[in-house]
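This report refers to the structure that appears directly beneath it.
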Amino acid sequence: MESKFDVASIRKHFPILEQKAYGHPLVYLDNAATTQKPRSVVKKIEEAYFSHNANVHRAVHLLSQQATEAHEAARVVVQQFINAAEPDEIVFTRGTTESINLVAFSFGEAFCREGDEILISSMEHHSNIVPWQLLCERKKMTLKVIPIDDNGCLLVDEYEKLLGPKVKLLAITHVSNVLGIENPIKQIIEKAHKQGVPVLVDGAQAVAHMPVDVRALDADFYTFSSHKVFGPTGVGVLYAKRSFLEQMPPYQGGGEMIDQVHFEKTTYNRIPFKFEAGTPDFIGTAALAEALRFIQEIGLDKIADYEKQLVNYALQELSKVEGFQLLGNIPERHAIIPFQLKGIHAYDVGLLLDKLGIAVRTGHHCAQPLMERLAVDSCVRASFAFYNTSSEVDRLQAALKKIYKMFN
Ligand code: PMP
Numbered sequence: 072m073e074s075k076f077d078v079a080s081i082r083k084h085f086p087i088l089e090q091k092a093y094g095h096p097l098v099y100l101d102n103a104a105t106t107q108k109p110r111s112v113v114k115k116i117e118e119a120y121f122s123h124n125a126n127v128h129r130a131v132h133l134l135s136q137q138a139t140e141a142h143e144a145a146r147v148v149v150q151q152f153i154n155a156a157e158p159d160e161i162v163f164t165r166g167t168t169e170s171i172n173l174v175a176f177s178f179g180e181a182f183c184r185e186g187d188e189i190l191i192s193s194m195e196h197h198s199n200i201v202p203w204q205l206l207c208e209r210k211k212m213t214l215k216v217i218p219i220d221d222n223g224c225l226l227v228d229e230y231e232k233l234l235g236p237k238v239k240l241l242a243i244t245h246v247s248n249v250l251g252i253e254n255p256i257k258q259i260i261e262k263a264h265k266q267g268v269p270v271l272v273d274g275a276q277a278v279a280h281m282p283v284d285v286r287a288l289d290a291d292f293y294t295f296s297s298h299k300v301f302g303p304t305g306v307g308v309l310y311a312k313r314s315f316l317e318q319m320p321p322y323q324g325g326g327e328m329i330d331q332v333h334f335e336k337t338t339y340n341r342i343p344f345k346f347e348a349g350t351p352d353f354i355g356t357a358a359l360a361e362a363l364r365f366i367q368e369i370g371l372d373k374i375a376d377y378e379k380q381l382v383n384y385a386l387q388e389l390s391k392v393e394g395f396q397l398l399g400n401i402p403e404r405h406a407i408i409p410f411q412l413k414g415i416h417a418y419d420v421g422l423l424l425d426k427l428g429i430a431v432r433t434g435h436h437c438a439q440p441l442m443e444r445l446a447v448d449s450c451v452r453a454s455f456a457f458y459n460t461s462s463e464v465d466r467l468q469a470a471l472k473k474i475y476k477m478f479n
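Numbered by this note's numbering, the letters in the sequence shown go through residues 72 to 479 in order.
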């Protein structure tokens, strides 16, 4: 595969990729689960602990001021990364899961009543299903699900039929973590807004692979995890429009989120701090900012182009493997190839690939309802990042050929 993208230079920033697994050069194709970290991100963590580790927002001393500055500067980096209108619309959480739970609880408290409906799609990750089920149980509401076709594409006509007057919110993934399908989010949001329905977009599988502009999308809520975008674990982002954050009650109580505490009555801090109870992961947020800077320097358009080329090459090469069965026959997919090898359990394929130095994921990928809809109990998922190469695709192809032969 010919490409102008200088992947060899990029790989030098990721020491983990130089490792061997069972004597083979490691091929890491589990990027949808978590991404690897460039040196600069890990350096940032070390630098923060060694030079300005102190709790944020509370003290007058120098270290605390430096830590606070780094944490608040990270908020601005995130704001600009997704083109939010202001830093106050960025709430730091522990990850996509916590961001969605926060909205499910807090939006639910502010806007939902018995008999209302929440709309999701059939291709959601469990973390964009279960928080809404909990809300529906708590408030005696109904969860409605937009169906998909046999290839995993959203049925837009059915979606429009479900957008009734009882729907209080639509929560939908930007890119499916199993199929790599990108939903037509802008049009979906337009249709929801016409009916006065706000939309939460789960961007966990999008932000590492394409430029995201929350204002161009007009998303009301947008969530993602740092660890899937080359940043550290334990940090997440909730973008929400100011008007919603201001109307929503706190999700957790504690330090930071208060204005005045008295036994008779407590008042709350302004947004976004109202939603950030307790000590935030201020070192993680600074490291996330570094990760975002790192990929912006490369350019998300360039990353998207390269990954598209790489995935197309992989689809072309893997389809030559006897027994290769792709899940969902869709023309375009983002960085994810879900498949089965005919007659061989996905778990066995994953185990044997591992022994050949290739890391993939097998199972239901935290999307059991989607797997049920597609009538499969598990599949293998090879998921890519911009540091993967065409020769790694060749290694995967050769390994799959070998495994198929072993079983036949
Ligand atoms: N949504 C999607 C689409 C995901 O892929 C994931 C992670 N697999 C999540 C939500 C949950 O992310 P986290 O575990 O980082 O909270």
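All residues carry an ideal CB built from backbone N, CA and C; glycine is no exception. Bear in mind the structure is a predicted one, so any value in this text is a computation, not a measurement.
With a threshold of 6 Å on Cβ separation, who are the neighbours of residue i within its own chain once the five nearest residues in sequence on each side are excluded?
i, result
"A125", "L134, S135 and A138"
"M72", "Y384 and S461"
"S170", "T164, T294, G307 and L309"
"H405", "V246, G251, E253 and H280"
Alpha carbons only, please: which of the options is nearest the one belonging to residue i?
i, options, result
"D291", "K312, K299, H298 and G274", "K312"
"N102", "L471, V300 and L423", "V300"
"G179", "T167, Q204, E253 and V113", "Q204"
"L363", "R129, L288, P303 and I342", "P303"
"R407", "A385, S177 and C183", "Reading off the sequence shown, one finds Ile at residue 407, where the question assumed Arg. The option with the nearest alpha carbon to I407 is A385."
"K257", "V249, N248, P269 and G251", "P269"
"I243", "K237, E378 and H197", "H197"
"M319", "L412, N154, F182 and E117", "F182"
"A119", "A360, V431 and Y475", "A360"
"L371", "S297, V227, D284 and E443", "D284"
"Y322", "G223, A175 and A438", "A175"
"C207", "A453, A275, R184 and N222", "R184"
"T350", "A357, H132 and E327", "E327"
"L471", "R82, D425 and A357", "D425"
"R286", "K262, H298 and Q151", "Q151"
"G166", "E157, N199, G186 and P158", "N199"
"F76", "S390, Q380, S177 and M212", "Q380"
"R209", "I191, G186 and K215", "G186"
"I342", "Q367, F163, V332 and I259", "F163"
"D273", "E368, T213, G267 and T294", "T294"
"K391", "A375, H435 and K473", "K473"
"L438", "E195, V131 and E368", "Correcting the residue type first, residue 438 is Ala in the shown sequence and not Leu. For A438, the nearest C-alpha among the options comes from E195."
"D419", "Q396, M477, H436 and L271", "M477"
Are there 16 or more other CB atoms within 10 angstroms of the CB of residue i, so buried, or fewer, so exposed?
i, result
"Y310", "buried"
"K239", "buried"
"D352", "buried"
"G251", "buried"
"E378", "buried"
"F334", "exposed"
"E463", "buried"
"A417", "buried"
"E117", "exposed"
"Y93", "exposed"
"D330", "exposed"
"D220", "exposed"
"A279", "buried"
"G544", "Residue 544 is absent from the model: the chain starts at 72 and stops at 479."
"V382", "buried"
"M212", "buried"
"V332", "exposed"
Do residue i and residue j have their C-beta atoms closer together than 7 Å?
i, j, result
"T445", "S193", "With the sequence shown as reference, residue 445 is identified as Leu, and Thr is not the correct amino acid for it. No, Cβ-Cβ distance for L445 and S193 is not below 7 Å."
"G414", "V451", "no"
"L398", "P409", "yes"
"K497", "E188", "Summary: the structure shown does not reach residue 497, with the chain confined to residues 72 through 479, and so no result is reported for it."
"G307", "S296", "yes"
"R432", "A141", "no"
"L225", "N248", "no"
"N172", "P202", "yes"
"A357", "A145", "yes"
"V246", "A277", "yes"
"N222", "N479", "no"
"Y475", "E393", "yes"
"L241", "L190", "yes"
"P109", "F365", "yes"
"P158", "V148", "no"
"I260", "L233", "no"
Considering only residues of the same chain and omitting the five flanking positions on each side of residue i, which have a CB-CB separation below 8 Å?
i, result
"Q107", "F85, I87, L88, Y99, F301, A456 and Y458"
"V447", "L398 and Q411"
"A348", "P321, Y322, Q323, G324, G325, G326, E327 and M328"
Just to confirm my understanding: we take residue i, look at its own chain, exclude 5 residues before and 5 after, and list those with CB closer than 7 Å. What are they?
i, result
"V127", "S135, A138, T139, H142, P351 and F353"
"E231", "K262"
"Y339", "P321, M328, I329, D330 and K345"
"I429", "V98, L100, R466, L467 and A470"
Could you tell me whether the Cβ of residue i comes closer than 7 Å to any Cβ of chain B?
i, result
"V451", "Checking the listed chains, one finds no chain B in this structure; it contains a single protein chain."
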